[in-house]
């Protein structure tokens, strides 16, 4: 069975309040789950060719193994994780391939060992 975040990429946005898990701890949780940590924020425009199978290195679309097939997150494999208490919030994105989500969503996914839907 693949890791919980296998095939998913995450950008950890902004700063984190000391009272919550640190940015480094969140990054480690992503890595422990088999996820990839990105150094820059993903953009849906950049992902379309490879996700839709038009890139020769990607013969078929990638899906989130641990998401329910009928869920909103099944096709979404790129996430922007943020601290909802941080003053500077990322632009909220809920596209088919990129979603913003609070770090609490990540912790909930871990506790359920499932990629849960992101609340809009």
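Residue numbers (full-length UniProt numbering): 1 to 120.
No residue lacks a Cβ here, since even glycine has one placed at the ideal position from N, Cα and C.
This structure is a prediction, so every number in the text was calculated from the model and none was measured.
- Look at residue 82 here: in three-state DSSP terms it is strand.
- Look at residue 100 here: in three-state DSSP terms it is strand.
- With respect to residue 100, residue 93 sits close: the two C-beta atoms are nearer than 8 angstroms.
- Within its own chain, the residues whose Cβ lies closer than 6 angstroms to the Cβ of residue 84, once the five positions on either side in sequence are excluded, are 102, listed in chain order.
- In the three-state DSSP reduction, residue 111 falls in the helix class (H, G or I).
- If you ignore the 5 residues before and after residue 31, its C-beta comes within less than 8 angstroms of the C-beta of 37, all in its own chain and listed in chain order.
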